[in-house]
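**Student:** If you scroll down you'll find the structure; I have some questions about it.
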Amino acid sequence: MIVSVPSTPASGRIVLITGASSGIGQATARRLAESGHRVFLGARRVERIAAVAADIRTQGGNAEHHVLDVTDRRSMGAFVHAARERHGRIDVLVNNAGVMPLSRLDALKVDEWNQMIDVNIRGVLHGIAAVLPIMRSQGEGHIVNIASVSGHRADPTAAVYGATKFAVRAISEGLRQESRDVRVTVVSPGLTHSDLAESITDPGTRDAVRAQMQIAMPASAIADAVAYAIGQPPAVDVNEIVVRPTAQA
Ligand SMILES: NC(=O)c1ccc[n+]([C@@H]2O[C@H](COP(=O)([O-])OP(=O)(O)OC[C@H]3O[C@@H](n4cnc5c(N)ncnc54)[C@H](OP(=O)(O)O)[C@@H]3O)[C@@H](O)[C@H]2O)c1
């Protein structure tokens with residue numbers, strides 16, 4: 364028997380992306396705009412997202428930006444409100460913003476632990492809180508959370524960072540099980556070229572990560588994974604994607 368799955372257009376969706384000023388977020392914005400989606404970029408460095416959005420428009424894409432600090436629930440609310448005012452709906456939120464100041468636990472960099480919890484966990488929850496009522500009222504939507512291979516395995520210097528990414532996967536799976544209308548996808552990147560290692564303040568750890576980055580993938584590899592998940596028909600929910608460089612252990 365041939366079963367046909369009803370589909371909406373694979374392009375033209377309203378896609379909000381947090382942390383779009385560099386790395387994976389910026390690459391995802393460019394990739395999705397190339398596919399015909401309307402992207403709405405958020406980050407703290409507003410001049411950078413303004414420049415990325417302007418460049419996307421120059422290439423013929425549809426892009427706008429709004430300042431965003433994901434640790435501040437009101438800032439997230441204003442970001443989502445601005446996108447909805449502009450487009451009338453929210454189809455996809457890509458919770459991508461993240462920080463990774465790796466260090467050993469006995470270095471006691473407690474402020475950095477708290478920063479990772481605030482950005483990587485609270486930021487994702489703030490995003491979900493801002494869009495979920497809208498998506499429920501629409502009867503459809505899609506939340507894409509960027510986790511990490513560190514959300515699948517624990518490693519030295521990555522105890523707290525990994526804990527935040529395990530948390531992202533747990534939150535995503537809970538949301539998925541609670542949802543019959545909103546799709547939930549977790550994308551877990553391995554080593555990917557970006558500015559992420561620059562947030563490491565421990566010199567030894569930063570040098571080690573920079574050395575590992577020699578085998579890193581381009582950020583476009585993760586953007587392609589996000590585009591694949593978004594491009595499926597509404598009745599098809601891609602739940603988990605792990606993408607590593609071939610040479611990564
Ligand atoms: N690169 C990798 O190897 C790798 C591997 C696994 C997972 N990841 C995950 O991929 C995601 C993107 O990271 P990336 O590798 O692309 O690093 P990146 O180049 O450093 O980008 C991080 C982004 O997060 C934004 N950000 C940080 N704090 C924020 C805040 N409080 N509010 C709003 N935006 C904030 C930054 O923008 P502003 O500073 O302008 O605010 C920036 O756009 C993260 O969740 C990271 O954990 C990356």
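Note that my numbering gives residue 515 to position 152 of the sequence shown, counting from 1, and the numbers run on in steps of one. Every residue, glycine too, gets a C-beta built ideally from N, C-alpha and C.
1) Since H505 is in the alpha helix (DSSP H), which residue starts that stretch and which ends it?
2) Of all the options I506, N458, G388, T564, which has the alpha carbon lying nearest to the alpha carbon of R539?
3) Any contact between the region 451-471 and the region 377-396? By contact I mean 3 or more CB pairs, one from each, below 8 Å.
4) Using DSSP with H/G/I as helix, E/B as strand and the rest coil, what is L559?
5) For M439, name the three-state secondary structure that DSSP assigns.
6) Classify P519: buried if its beta carbon has 16 or more other beta carbons within 10 angstroms, exposed otherwise.
7) Do you know offhand how far S398's Cα is from L495's?
8) Are P552 and I387 close, meaning C-beta to C-beta below 8 Å?
9) Contact between the region 580-599 and the region 546-565: three or more CB pairs below 8 Å?
10) Can you check whether the C-beta of Q422 is within less than 8 Å of a C-beta belonging to chain D?
11) What first and last residue would you give for the beta strand (DSSP E) that runs through T548?
12) At which residue ranges does the region 557-610 contain complete beta strand (DSSP E) runs of 3 or more residues, listed in the order of the chain?
13) Would you kindly check if the distance between the Cβ of A533 and the Cβ of G525 is under 8 Å?
14) Using only CA atoms, which one of H428, R485, Q501, N459 lies nearest to G451?
15) Under a three-way DSSP split, which group does V462 fall into?
16) Taking N483 as part of the beta strand (DSSP E), name the residues at either end of that continuous run.
17) For T699, name the three-state secondary structure that DSSP assigns.
**Tutor:** So, to answer that:
1) Mapped onto the sequence shown, residue 505 falls at position 142. H505 -> not in any alpha helix (DSSP H); beta strand (DSSP E) instead, spanning 504-509.
2) Position 176 of the sequence shown, counted from the first residue, corresponds to residue 539. When only C-alpha atoms are compared, the closest one is I506.
3) yes
4) Here residue 559 corresponds to residue number 196 of the sequence shown, with the count starting at 1. Three-state result, L559: helix.
5) As a position in the sequence shown, residue 439 is number 76, starting the count at 1. The answer is helix: DSSP assigns M439 an H, G or I state.
6) Translated into the one-based positions of the sequence shown, residue 519 becomes position 156. Burial call: exposed.
7) Counting from 1 along the sequence shown, the entry for residue 398 is found at position 35. Counting from 1 along the sequence shown, the entry for residue 495 is found at position 132. The straight-line gap from Cα to Cα measures roughly 25 Å.
8) Position 189 of the sequence shown, counted from the start, is the residue given in the question as residue 552. Position 24 of the sequence shown, counted from the start, is the residue given in the question as residue 387. A contact, by the Cβ cut-off of 8 Å.
9) yes
10) Checking the listed chains, one finds no chain D in this structure; it contains a single protein chain.
11) One-based indexing of the sequence shown puts residue 548 at position 185. Counting along the chain, the beta strand (DSSP E) containing T548 begins and ends at 545-552.
12) 603-606
13) Counting from one through the sequence shown, the residue named residue 525 turns up at place 162. Counting from one through the sequence shown, the residue named residue 533 turns up at place 170. Contact flag unset, no.
14) Reading the sequence shown from its first residue, position 88 is the one you call residue 451. Nearest C-alpha to G451: Q501.
15) Locating residue 462 in the sequence shown gives position 99, counting from the first residue. Three-state result, V462: coil.
16) As a first step, residue 483 must be located in the sequence shown, where it is residue number 120. It is not in any beta strand (DSSP E) - N483 carries neither H nor E in the DSSP assignment.
17) Nothing about residue 699 can be read from this structure; the chain reaches only from 364 to 612.
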